[in-house]
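To convert, note that position 43 of the sequence shown is 1043 in our numbering; the numbers rise steadily by one, no gaps. Working notes for the structure below.
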Amino acid sequence: MATTAYPTEPVYVHNGSWNDTSRKHPAMGWLETYTKTAIDGKLFDKPAERSKWMSDDRKYSVSSQTRRSILTKATPDVLVKSTGEVRNGGDASWEAISKELYAPFKEHLHSPTYATAVQTGSNTWELTGLATLFWKLQVPGQGHNIADPSGKTWDGAIPSAFKFAFREEGGQIRISRTEISSDPSAALVAMLKTGMLKPEDLMK
């Protein structure tokens, strides 16, 4: 077998949705609970819940050797939206999740399809994943015509990519960075059709 000319490291790769295999990895198992309980369960409407899920210092720099983001005492970068906007600090991140990212949806579901996880330190991990976000708008009217893997129908679906960083604090895993890549245009069109948005709102 040929040897590589560049350094490598173990990566945990999982294809498909949550299952017993994904739960074997501590960060993937924790992410499932976080996603189902805090995000899809809409606990982000409760400010007191933030400290149960998010790291407090959540600060990063980039390793000059690996070019990977690592937790340090550098500038905090907490939530990176698909627009490129950054929300720094746990409270600002939690508020943005509640009032900006998921506010238009009465109900939503993340259905994962792929994930990779790398351990970046003795108590830190990075995870990159793909998922479909199924959603129902706060205002009915578009119709429910897109089915998730269980057969439940939704107003729409958005293929999305996510990159997370986690760290263990006091024996508990906490999320320390979230980067989101998705195209919200389908949801925006649906919001225009139902009257949740006016064309001039898009220019604000």
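We put the beta carbon where it would ideally sit given N, CA and C, even for glycine. Here the structure is a predicted model, which means the values were calculated and not measured.
Remark: three or more beta-carbon pairs, one from each stretch, lie closer than 8 Å, so the segment 1079-1094 and the segment 1174-1181 are flagged as touching. The count of Cβ pairs closer than 8 Å, one atom from the segment 1155-1169 and one from the segment 1129-1138, reaches three, so the stretches are in contact.
Counted as a single uninterrupted DSSP element, the beta strand (DSSP E) harbouring LEU1137 occupies residues 1124-1137.
In the three-state reduction of the DSSP assignment, TRP1154 falls in the strand class, which pools E and B. Where ARG1050 is concerned, the enclosing alpha helix (DSSP H) starts and stops at 1050-1053. LYS1099 places its beta carbon 8 Å or farther from that of GLN1138.
Pairing GLY1151 with ASN1145, the inter-Cα distance amounts to about 10 Å. Of the residues assessed, THR1153 falls on the exposed side of the cut-off, its CB having fewer than 16 other CB atoms within 10 angstroms. In this structure, HIS1110 is the residue among HIS1110, ASP1155, ALA1186 with its C-alpha nearest to the C-alpha of GLY1016. Three or more pairs of CB atoms, one per stretch, sit closer than 8 Å, so the segment 1115-1126 contacts the segment 1023-1040. According to the DSSP secondary-structure assignment, SER1111 is paired through a beta bridge with THR1132. When the Cα atoms are used, LEU1101 and THR1021 turn out to be separated by approximately 29 Å.
Pairing ARG1167 with TRP1053 gives a Cβ-Cβ distance that is not under 8 Å.
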